[in-house]
Structures are given as structure tokens and as C-alpha cells.
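Notes follow once the structure below has been shown.
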Amino acid sequence: MKVCSEEDVLIASQYSTLLDLSKTCGVNGKHIHCQFPYSEFSCDHKMLKKELAKKGANSLFFKEVGLINLKEETAQ
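The sequence shown begins at 134 in the numbering used here and counts up one residue at a time.
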């Protein structure tokens, strides 16, 4: 298992931060650590996961559910 370096990780402290990140190419090749509750994300997760995957984000991490691999989103 590859260990991520600090350069590979972005922090989304709030849901609005994740929304902002989804609009940029800065997520390309990054793992996004979400510090807000998964319940805030789960309401429209399909569209947002698809957008992040399209921009090249590798994964999301939530304390409650663990790692969500976004590479699988582009394969669907």
C-alpha cells in the first residue's frame, strides 16, 4: 500500500470547501481528507463524486466510512 505524502492530500474542513475543490483542476491526482460529517456529503454524493473523479481526484476519506475510491467512478 502506497503511503500518501503531504503533497498528495488536500483537506476539506467543510462541505463548502469540497464543493469549491470540485470546481478546480487542483484535485488532479489528490486524495481529499474530509473533516466534516459524511452525512453532509451523502445527500448529493453521486454527482459530486462523479465531478471529482472527472477532475482527476483519487479518493475521499471520511472518518465515519473510511476511504472512497474515486477511480472506480470513472470506470462506471
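For each residue, glycine too, the CB sits at the ideal point set by N, CA and C.
- request: Classify residue 174 as helix, strand or coil using the three-state DSSP reduction.
  value: Three-state DSSP puts residue 174 in a helix.
- prompt: Which residue's Cα is closest to the Cα of residue 149: 199, 181, 158 and 161?
  reply: 181 is the residue among 199, 181, 158 and 161 whose C-alpha sits nearest the C-alpha of residue 149.
field: Simplified DSSP state of residue 134, which is helix, strand or coil
entry: Residue confidence is low: residue 134 scores 44 on pLDDT, short of 50, so the model does not pin down where it sits. Its coordinate-derived value is still stated next. Here residue 134 sits in coil by DSSP.
message: For residue 134 and residue 176, what's the separation of their Cα atoms in angstroms?
response: Because residue 134 sits at a pLDDT of 44, beneath the cut-off of 50, its placement in the model cannot be relied upon, and the following sentence gives the value as read from the coordinates. When rounded, the distance between both Cα atoms is 31 Å.
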